């Protein structure tokens, strides 16, 4: 097992290189960029999701405004022709922007410098927020952890017992109508459920039982500890309901099918023939084998929800999490945040994949990854 873990850890290096290289090519050379965004701000045409420039971008706004008339026509055409909407701006200002954002260096040099910094976990600062990338990710982390953790626990806590019950009563009316409800819930988009919940329960048109935004109330710091817990779950209730309805289908049906496959095997027939009770057969023999793929997949399921989250759910309920951060960073061409989140998420995802494999061997010691090629 030690050799297998070592091989998997070594494979992280080329995998991460590939992830960052593809991300660099796709994002760095996509139309538009941080310089175009600053120019759009100066010209009053920026309508992006993160239109307000702070920090370095704000400093440049004043510089450019004061130098618009100071450039000759020839020099302006030579420098500003590289950027749409840059006509009329001082070429020295454009060159200063390129230096600030690192575009005065060739692409390969920028890529190599980025990798060297990331190996040391130096992700720099956001272009348009006066804050470090890791600090920014840390600020958004509580929202994503809350949604990912509770979403996964709720999904497993309901889907596994329901899937077992459906497997035991396969083909019964209970199995049929629960399958119908699960499929309907899976087919309804989460954002429609979120809007419905807001209209009905969050002061939209009927009841005003739940808050509409954030993870905590304005007076959260003054609340006693037990009221802080209640306030936290009070804010999470509607987002989790909206996200979890569609999550039950896959897990429930996977649990049911896993149990059905195990129930039909010969060792179950033998156990019943020995006079064991049905409960002992199900939970003493079938459960461990049927739950192999489900339990081992828990880390991956959590990371999937944690990373992916739901941009629409976060937007509708004003939850400032990693999903919204990633979207705004891509739209705003905030490259340090985009590449930093790709690197951190990719690295965590690969490590969690290794943990998932190790959990297979913990759940079922018969599995031996040493005996197969990676």
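Residue numbers (our numbering): 9 to 382. Backbone N, C-alpha and C define an ideal beta-carbon position, used for all residues, glycine too. Keep in mind the model is a prediction, meaning the values are calculated, not measured.
Just to check, is the beta-carbon of residue i closer than 6 angstroms to a non-hydrogen atom of the ligand ZN?
i           : result
residue 281 : Within the structure as shown, the ligand ZN is missing, as the structure has no ligands at all.
Using 10 angstroms around the beta-carbon of residue i, count the other beta-carbons present and answer buried if the total reaches 16, otherwise exposed.
i           : result
residue 221 : exposed
residue 382 : Low confidence applies to residue 382: its pLDDT is 43, below 50, so where it sits in the model is not reliable enough to give any reading.
residue 226 : exposed
residue 186 : buried
residue 49  : buried
residue 350 : buried
residue 189 : exposed
residue 434 : Outside the shown range of the chain (9 to 382) lies residue 434, about which nothing can therefore be said.
residue 137 : buried
residue 21  : exposed
residue 109 : buried
residue 171 : buried
residue 326 : exposed
residue 99  : buried
residue 43  : buried
residue 55  : Because residue 55 carries a pLDDT of 49, less than 50, the predicted location of this residue cannot be relied on, and the following value inherits that uncertainty. Per the 10 Å Cβ criterion, exposed.
residue 111 : buried
residue 386 : Here the chain covers residues 9 to 382 and nothing more, so residue 386 does not appear.
residue 18  : exposed
residue 207 : exposed
residue 114 : exposed
residue 45  : buried
residue 205 : buried
residue 322 : buried
residue 14  : exposed
residue 285 : exposed
residue 184 : exposed
residue 169 : exposed
residue 2   : There is no way to answer for residue 2, as the model of the chain reaches only from 9 to 382.
Please state whether the Cβ-Cβ distance between residue i and residue j is less than 7 angstroms.
i           : j           : result
residue 32  : residue 119 : yes
residue 200 : residue 209 : no
residue 223 : residue 243 : yes
residue 251 : residue 198 : yes
residue 131 : residue 141 : yes
residue 340 : residue 152 : no
residue 16  : residue 355 : no
residue 163 : residue 259 : yes
residue 279 : residue 289 : yes
residue 202 : residue 324 : yes
residue 268 : residue 175 : yes
residue 193 : residue 253 : yes
residue 35  : residue 346 : yes
residue 177 : residue 256 : no
When DSSP builds the beta bridges, which residues end up paired with residue i?
i           : result
residue 202 : Partner(s): none; residue 202 has no beta bridge.
residue 140 : 133
residue 210 : 216
Just to confirm my understanding: we take residue i, look at its own chain, exclude 5 residues before and 5 after, and list those with CB closer than 8 angstroms. What are they?
i           : result
residue 231 : 225 and 239
residue 236 : 224 and 228
residue 182 : 173 and 174
residue 294 : 267, 270, 271 and 276
residue 234 : none
residue 191 : 257
Taking 6 angstroms as the limit between beta carbons, can you name the residues of its chain near residue i, skipping five residues before and five after?
i           : result
residue 149 : none
residue 219 : 243
residue 342 : 134, 135 and 136
residue 126 : 351
Counting only C-beta atoms, is residue i closer than 7 angstroms to chain C at any point?
i           : result
residue 286 : The structure shown contains no chain C; it holds only a single protein chain.
Considering only residues of the same chain and omitting the five flanking positions on each side of residue i, which have a CB-CB separation below 7 angstroms?
i           : result
residue 158 : 244 and 248
residue 352 : 145
residue 319 : 331, 332 and 335
residue 217 : 209
residue 27  : 350 and 354
Quick one: which unbroken alpha helix (DSSP H) runs of 4-plus residues sit fully inside the region 311-364? Chain order, please.
Here the runs fully enclosed are 319-324 and 330-339.
Of all the alpha helix (DSSP H) runs that stay within the bounds of the region 223-276, which reach a length of 4 or more residues?
Considered as a whole, the region 223-276 harbours 233-252 and 256-271 as its complete alpha helix (DSSP H) runs of no fewer than 4 residues, in chain order.
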